[in-house]
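Using my numbering, the first residue of the sequence shown is number 131, and each one after it goes up by one. A virtual CB, placed ideally from N, CA and C, is assigned to each residue, including glycine. Comments concern the structure below.
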Amino acid sequence: MTNNQYWWPEQLSLRALRQHSSLSDPMGDDFDYAEAVQSLDVDALRQDVEEVMTTSQEWWPADYGHYGPLFIRMAWHAAGTYRISDGRGGAGSGHQRFAPLNSWPDNANLDKARRLLWPVKQKYGRSLSWADLLVYAGNCALESMGFKTFGFAFGRPDVWEADDTDWGEEGEWLGSERHDADGELQGPFGADHMGLIYVNPEGPNANPDPLAAARYIRQTFKRMAMNDEETVALIAGGPTFGKAHGASLESHVGPEPEGAGIE
Numbered sequence: 131m132t133n134n135q136y137w138w139p140e141q142l143s144l145r146a147l148r149q150h151s152s153l154s155d156p157m158g159d160d161f162d163y164a165e166a167v168q169s170l171d172v173d174a175l176r177q178d179v180e181e182v183m184t185t186s187q188e189w190w191p192a193d194y195g196h197y198g199p200l201f202i203r204m205a206w207h208a209a210g211t212y213r214i215s216d217g218r219g220g221a222g223s224g225h226q227r228f229a230p231l232n233s234w235p236d237n238a239n240l241d242k243a244r245r246l247l248w249p250v251k252q253k254y255g256r257s258l259s260w261a262d263l264l265v266y267a268g269n270c271a272l273e274s275m276g277f278k279t280f281g282f283a284f285g286r287p288d289v290w291e292a293d294d295t296d297w298g299e300e301g302e303w304l305g306s307e308r309h310d311a312d313g314e315l316q317g318p319f320g321a322d323h324m325g326l327i328y329v330n331p332e333g334p335n336a337n338p339d340p341l342a343a344a345r346y347i348r349q350t351f352k353r354m355a356m357n358d359e360e361t362v363a364l365i366a367g368g369p370t371f372g373k374a375h376g377a378s379l380e381s382h383v384g385p386e387p388e389g390a391g392i393e
C-alpha cells in the first residue's frame, strides 16, 4: 500500500501523538451528531448555501456566476470513492478533507469548493458535519438548476484524520498496475488508476479505445455498486453542468494541497 508518507515525505507525521487518543476529535467523547443535527435549521442552511453558490469570489471566480457545477463535482467525488469489496470510501465521513484524497489529481481544486463553504460550516458548527455539508451542497446545486431530488437525509458524522484505506501500490499518480493480463481489476480497488475516482477519461492507460473504455467503465462502476443506467447518468450527465470538466493546459496546474507551501 502506498501511504501518505510516500507521496509527501517532508510531511511531519503526528500519528504517534493521536494513537488511541480522543485528542484528534474536537467534539469530545460525549458528542452525538445524530442528536446535534436535529437542531439544524434546514431552510436557513439552504438559503446560505445558495447565497454562497451565486456569490462569485475574486480569489476563485465562479463560471457564469454560479458555483453549482463545482459543488456537484465535489459531492460526487466525495461519494465516488465507495467500493463494495470492503465498504471503504464514500461520502459518509468527510474523508475528502484529508490526504491522500484531498490531493488526488481527480480532486483538483475541490479544496476551493470546501473553502467556499467554510463560512457556512462556521455558522452552523456542531449541528452540521462536513460530511453532510459536502453532499448537501451538491443537492442544493442540482435543485437550483431545476432538478428535482428525492430530498436529503442528514446524519453523516465526521472523521478528523485520514484512515489507512489501501488505495493501491502504484508509486506515481495515474499509475495503473492493478489489472491482470485480461484487464480485470484485482484486489479491493474500485478505481482503475491511482488518484482517480473511477476511470481515466482518456481511455484505459490513456488509450482512446471506446470498446476497451466501455469495458473498464462497466467493471469499475460495478465495483462501486452502480448499474449501467446510473453510470450513464453520472459520466454522461454530470459533465453537462457548467465548466466542472473544462480542459486547461498542464502548465496551469499548481501543487496539490498537501504539497503546497504555507503562505
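*Kindly confirm or deny that the region 259-270 and the region 197-209 touch, where touching means at least three C-beta pairs closer than 8 Å.*
yes
_Restricting to runs no shorter than 4 residues, where is the alpha helix (DSSP H) found entirely within the region 209-289?_
240-254 and 260-274
*Based on Cα-Cα distance, which residue from Ser306, Met275, Asp312 and Ala261 lies nearest to Val289?*
In this structure, Ala261 is the residue among Ser306, Met275, Asp312 and Ala261 with its C-alpha nearest to the C-alpha of Val289.
*asked:* By the three-class DSSP mapping on this structure, what secondary structure does Gln141 have?
replied: coil
*asked:* Let me check one thing: in DSSP terms, what residues is His309 bridge-paired to?
replied: Leu315
*Below 8 Å between beta carbons: does that hold for Ala344 and Gly333?*
If you check the CB distance, Ala344 and Gly333 do not come in under 8 Å.
*asked:* Determine whether the beta carbon atoms of Thr350 and Gly317 lie at a separation below 8 Å.
replied: no
*First and last residue of the alpha helix (DSSP H) that includes Ile347?*
Pro340 to Lys352
*Between the Cα of Pro235 and those of Arg348, Asn330, Lys253 and Thr184, spot the shortest distance and give me the residue it belongs to.*
Asn330
*Where do the ends of the alpha helix (DSSP H) carrying Glu165 lie?*
Where Glu165 is concerned, the enclosing alpha helix (DSSP H) stretches over Tyr163 to Ala166.
*Assuming Phe201 contacts Ala292 under a Cβ cut-off of 8 Å, what Cβ separation, rounded to an integer in Å, is found between them?*
The pair is not a contact, with the Cβ atoms about 23 Å apart (cut-off 8 Å).
_Less than 6 Å between C-beta atoms, sequence neighbours within five positions excluded: which residues of the same chain meet that for Ser215?_
Pro318
*Contacting residues, own chain, Cβ-Cβ under 7 Å from Asp178 (five flanking each side not counted)*: Val250 and Lys253
*Drop a sphere of 10 angstroms on the beta-carbon of Gln226, count the other beta-carbons inside from all chains shown, and report buried for 16 or more, exposed for fewer.*
Residue environment for Gln226: buried (at least 16 other C-beta atoms within 10 angstroms of its C-beta).
*Measure the Cβ-Cβ separation of Tyr163 and Pro340 and say whether it is below 8 Å.*
no
*Short Cβ contact (8 Å threshold) for Ser274 with Gly198*: Taking 8 Å as the Cβ cut-off, Ser274 and Gly198 qualify as a contacting pair.
_Helix, strand or coil at Trp206 [DSSP, three-state]_ = helix
*Applying the criterion that 16 or more other CB atoms from any shown protein chain within 10 Å of the CB defines a buried residue, is Trp189 buried or exposed?*
Exposed: under 16 other Cβ atoms inside 10 Å.
_Integer Cβ distance of Arg213 from Met354, believed to fall under 8 Å_ = With a Cβ gap of about 6 Å, Arg213 and Met354 count as contacting.
*asked:* Do Trp138 and Gly298 count as a contact pair if the criterion is CB distance below 8 Å?
replied: no
*asked:* Using only the alpha-carbon positions, how far apart do Thr295 and Arg218 sit?
replied: 7 Å
_Could you tell me which whole alpha helix (DSSP H) segments of length 4 or greater appear in the region 168-198?_
172-183
*Should Thr184 go down as buried or exposed, given a rule of 16 or more other Cβ atoms within 10 Å for buried?*
exposed
*Pull up the distance between the alpha-carbon of His196 and that of Asp310, whole angstroms please.*
His196 and Asp310: Cα-Cα distance of roughly 43 Å.
_I need the boundaries of the alpha helix (DSSP H) containing Glu359, first residue and last residue._
Asp358 to Val362
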